[in-house]
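Every position in the sequence shown, counted from 1, becomes a number in my numbering once 22 is added. Ideal Cβ placement from N, Cα and C applies to all residues, glycine included. Notes to accompany the following structure.
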Amino acid sequence: MNLDNNNDWLIDDSSSVQDSHPALRPWKVLIVDDEKDVHTATRLAIQDLRYKERPLTLLNAYSAQQGFELVREHPDVALILLDVVMETDNAGLKLVRRIREELGNTLARIVLRTGQPGQAPEQDVILNYDINDYKTKTELTVQKLFTVVIASLRAYENLVAIEKNRQGLGKILEGASDLYQLRSLKEFASGVLKQISAILDVGTDGVLCMENTPASAGRPKLEVLAATGEFEVLLGGAPLATFPQLQQAINDALAEKRTIYRHPYDVLYITAQNGREFVVHFEPPWPLEDVERNLLEVFCQRISSAYDNLYLYSQLVSAQEATVVALADLAEFRDSDTGEHVLRVQRLSDAIARELQRMGAYPELLTPQFMEMIGMASILHDVGKVGTPDHILFKPGKLDPEERVIMEQHAAIGANILRKASKLVEGTSYLSLGADIAGGHHEYFDGSGYPQRLAGQDIPLAARIVAIVDVFDALLHKRPYKEPWTLGDTMSYINGRCGTQFDPLVIEALGRLVRDRRIPIRLPEQ
23 MNLDNNNDWL IDDSSSVQDS HPALRPWKVL IVDDEKDVHT ATRLAIQDLR
73 YKERPLTLLN AYSAQQGFEL VREHPDVALI LLDVVMETDN AGLKLVRRIR
123 EELGNTLARI VLRTGQPGQA PEQDVILNYD INDYKTKTEL TVQKLFTVVI
173 ASLRAYENLV AIEKNRQGLG KILEGASDLY QLRSLKEFAS GVLKQISAIL
223 DVGTDGVLCM ENTPASAGRP KLEVLAATGE FEVLLGGAPL ATFPQLQQAI
273 NDALAEKRTI YRHPYDVLYI TAQNGREFVV HFEPPWPLED VERNLLEVFC
323 QRISSAYDNL YLYSQLVSAQ EATVVALADL AEFRDSDTGE HVLRVQRLSD
373 AIARELQRMG AYPELLTPQF MEMIGMASIL HDVGKVGTPD HILFKPGKLD
423 PEERVIMEQH AAIGANILRK ASKLVEGTSY LSLGADIAGG HHEYFDGSGY
473 PQRLAGQDIP LAARIVAIVD VFDALLHKRP YKEPWTLGDT MSYINGRCGT
523 QFDPLVIEAL GRLVRDRRIP IRLPEQ
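Dropping the structure here:
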């Protein structure tokens, strides 16, 4: 096309032009007209036009209905050059309404072209229909068609940017909220990849890596935490060098401490308050536009904050776990076997809780928080023995009635110690769950236990689980007052107390683990 230089301002947006790249997404322009000559002339006039280094893809429809189907199939059409009079005198006007109302497409720019301006007066059309321009075919010279197309593409680009910002910020808020709920680094990494895919609105292959500090003994300097698509092989042990160009982009991002856009090897650089560095690679099908880059920069800030939150949470959990272990050690340091006993109780309690979940039992009680805490809290079941005299605690043989009364006080002592401490922590904690266990693991399902003679569902589920686990492990192992029992005798004893001492569903869960040889502890040789 021969165009004079006076129109250069229409396409000179150098501040936001992306680097030229063969994969740049073309602008879609739909021509709707029942005259083939109009299609041919329009194609000749604009087919070589480029805006922001992106070419045009021309779509053709020869009726209003065909036009409707194409817009539905291509919701990202930027410009529609639409004839008014086709199969009916107002077919084009009806199509405008259908595009805006039925398809809800408010972004596509619509320019009406008519060869019979009297059929649809310009003022009425402009007022009553959501269009962007109204031209007679005779006035749309090559020069003016160029102007119309560029102006329409610029308007469409701005509207898309606004809409992407609106939707993207909404997804960032939603995605960041989801990330704040995750409680493990692997889940967090996987969540980041999913949210980036959602923000870009594409199914992307991606990988998230964390650079470990020298203090992270035994861990690789650059650790892959999550990967999708073609990069999943990295989770299976394949080296990052399998993708040399990606490795180079990641190394550059870490060395320069900045995000690198090097399509198709875009790498986000993220740093956290504790100094940890992350890199995220993803593969959108097109080079990212400025609005998408800006959204990702905002999301990187949210990722950093979410990781800081996860790190602080993990530190808090570690501190709580250390406190629990210290309490257990304080109560049990006099007994060399008990240390192993509480570790076995922890693993068995976790396993039974998971089996109950598989059985579909107590769904309202087996919450994620319960499942996360039951094992660690179980090691506090005998913390009250800190108040039991040695001559009773280590007496070989059976206790007399007076000694039995003193021994039984350990349940109430432990519950009171832990309940008092748990009041310093809001909500459910290892201490509050431990208090339930310490105070309830000697209660009987039929109500004949101690210290409160609770029965059935009134006994906390955690205590009902540990009640069986404690007896199961104690019978299988040597104690000062007994020799170890066989697994068969142990299960016969427990099954014989189904519904009296123990919860039948918890017995069933233990029985499944034993039957399927899924007991998570090493059984003593018989």
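Residues of the same chain with a CB within less than 7 angstroms of the CB of residue 283, apart from the 5 flanking positions on each side, are 310 and 315 in chain order. Under the three-state reduction of DSSP, residue 229 is assigned to strand. DSSP places residue 83 within a strand segment (E or B) once states are collapsed to three.
Non-local C-beta neighbours of residue 372 in its own chain, meaning closer than 7 angstroms and more than five positions away in sequence, comprise 396 and 397, ordered along the chain. Here DSSP, grouped into helix, strand and coil, assigns residue 346 to helix.
Proximity of the segment 473-491 to the segment 379-399 meets the contact definition, three or more beta-carbon pairs being nearer than 8 angstroms. For residue 515, the enclosing alpha helix (DSSP H) stretches over residues 509-517. Straight-line measurement puts the Cα of residue 270 at about 48 angstroms from the Cα of residue 378. In this structure, 94 is the residue among 376, 55, 112 and 94 with its C-alpha nearest to the C-alpha of residue 122.
Uninterrupted alpha helix (DSSP H) stretches at least 4 residues long and entirely within the segment 419-475 occur at 423-444 and 452-462, given in chain order. In this chain, residue 62 is not harboured by any beta strand (DSSP E); it is covered by the alpha helix (DSSP H) spanning 58-68. Bridge partners of residue 155 according to DSSP: 133. According to DSSP, residue pairing for residue 210 in a beta bridge does not occur.
The bridge partners DSSP lists for residue 504 are 501. Counting C-beta atoms within 10 angstroms of its own C-beta, residue 136 has 16 or more neighbours from the protein chains shown and is therefore classed as buried. Sequence-distant Cβ neighbours of residue 53 in its own chain, meaning closer than 6 angstroms and more than five residues away, are 61, 64, 82 and 103.
A Cβ-Cβ separation of about 4 angstroms places residue 233 in contact with residue 299 under the 8 angstroms criterion. Here residue 50 is bridged, per DSSP, to 79. Between residue 227 and residue 251, the C-beta spacing is below 7 angstroms. In the DSSP annotation of this structure, the continuous segment of the alpha helix (DSSP H) that includes residue 412 starts and ends at 412-415. One thing to note: residue 452 has its Cβ within 7 angstroms of the Cβ of residue 346.
Per DSSP, reduced to three states, the secondary structure at residue 160 is coil, with no helix or strand assignment. Residue burial is scored here from C-beta neighbours: residue 179 has at least 16 other C-beta atoms within 10 angstroms and is therefore classed as buried.
In terms of CA proximity to residue 130, 49 leads the group 49, 72 and 426. Within its own chain, the residues whose Cβ lies closer than 6 angstroms to the Cβ of residue 51, once the five positions on either side in sequence are excluded, are 78, 80 and 101, listed in chain order.
Cβ-Cβ separation between residue 404 and residue 456: approximately 11 angstroms, too far for a contact (criterion under 8 angstroms). Each residue's CA atom was taken as its position, placing residue 523 and residue 512 some 14 angstroms apart. Taking 8 angstroms as the upper bound for CB-CB distance, residue 230 and residue 211 are in contact here, some 4 angstroms apart. For residue 539, the secondary structure class from DSSP, reduced to helix, strand or coil, is coil.
DSSP places residue 301 in the uninterrupted beta strand (DSSP E) bounded by 299-304. By the Cβ criterion, the segment 409-416 is in contact with the segment 424-439, since at least three pairs of Cβ atoms, one from each stretch, lie closer than 8 angstroms. A residue is called buried once 16 or more other Cβ atoms fall within 10 Å of its Cβ, and residue 213 is buried on that count. Judged by DSSP in its simplified three-state form, residue 168 adopts helix. Taking residue 154 as the centre and dropping the five residues before and after it, the same chain places the C-beta of 131, 132, 133, 174 and 177 closer than 8 angstroms to its C-beta, in chain order. DSSP places residue 484 within a helical segment (H, G or I) once states are collapsed to three. About 16 angstroms separates the beta carbon of residue 244 from that of residue 208, a gap too long to meet the 8 angstroms contact definition.
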